[in-house]
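Asks: For the sequence shown, position 2 matches number 2 in UniProt numbering, and the numbering has no gaps at all.
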Amino acid sequence: ALIAIGRYSMTIETVDVGWCKEITDHGATQIAQSSKSLRYLGLMRCDQVNEATVEHLVQQYPHITFSTVLQDCKRTLERAYQMGWTPNMSSAS
1 ALIAIGRYSM TIETVDVGWC KEITDHGATQ IAQSSKSLRY LGLMRCDQVN
51 EATVEHLVQQ YPHITFSTVL QDCKRTLERA YQMGWTPNMS SAS
């Protein structure tokens, strides 16, 4: 389904297929490659999509925001650092 969406929809910007267990690395890669207008691809809990594949897609398609648990955590942490947050490294008793 993702392949068809990417191939035949020239104006789609947001696709969220979170929790769709049948989404694969191939489908996520194909929609990123074929949809020139895509800006957001939600892949939360698409367990057949490997995080290494997502990392590769993030590098290859920087104009697309890929949403997975790990990618969202990375973006949140990056924003916190940009706003001046520093981790407290003291030992908690």
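Don't be surprised by glycine CBs; every beta carbon is placed ideally from N, CA and C.
Pick from S9, M10 and L43: whose alpha carbon is nearest that of G18?
Replies: Counted from its first residue, the sequence shown places residue 18 at position 18. The residue with the shortest Cα to Cα distance from G18 is L43.
Asks: From this set, E13, T29, K21 and I12, which residue's C-alpha is nearest I3's C-alpha?
Replies: Position 3 of the sequence shown holds residue 3. I3 has its Cα closest to that of T29, out of E13, T29, K21 and I12.
Asks: Whose C-alpha, out of H63, L57 and V49, is nearest the C-alpha of D25?
Replies: Counting from 1 along the sequence shown, the entry for residue 25 is found at position 25. Among H63, L57 and V49, the Cα nearest to that of D25 is on V49.
Asks: From P62 to N88, what distance separates their C-alpha atoms?
Replies: The sequence position of residue 62 within the sequence shown is 62, counting from 1. The sequence position of residue 88 within the sequence shown is 88, counting from 1. Approximately 31 Å, taken between the alpha carbons.
Asks: So what does L43 bridge to, in DSSP terms?
Replies: Numbered from its first residue, the sequence shown carries residue 43 at position 43. None, per the DSSP bridge assignment.
Asks: Drop a sphere of 10 angstroms on the beta-carbon of L70, count the other beta-carbons inside from all chains shown, and report buried for 16 or more, exposed for fewer.
Replies: Against the sequence shown, residue 70 aligns to sequence position 70. Counting Cβ neighbours within 10 Å, L70 comes out exposed, since fewer than 16 surround it.
Asks: Can you list, in chain order, the residues of its chain whose CB lies under 7 Å from that of G27, leaving out five sequence neighbours each side?
Replies: One-based indexing of the sequence shown puts residue 27 at position 27. For G27, where only same-chain residues beyond five positions count, the Cβ hits under 7 Å are L2 and I3.
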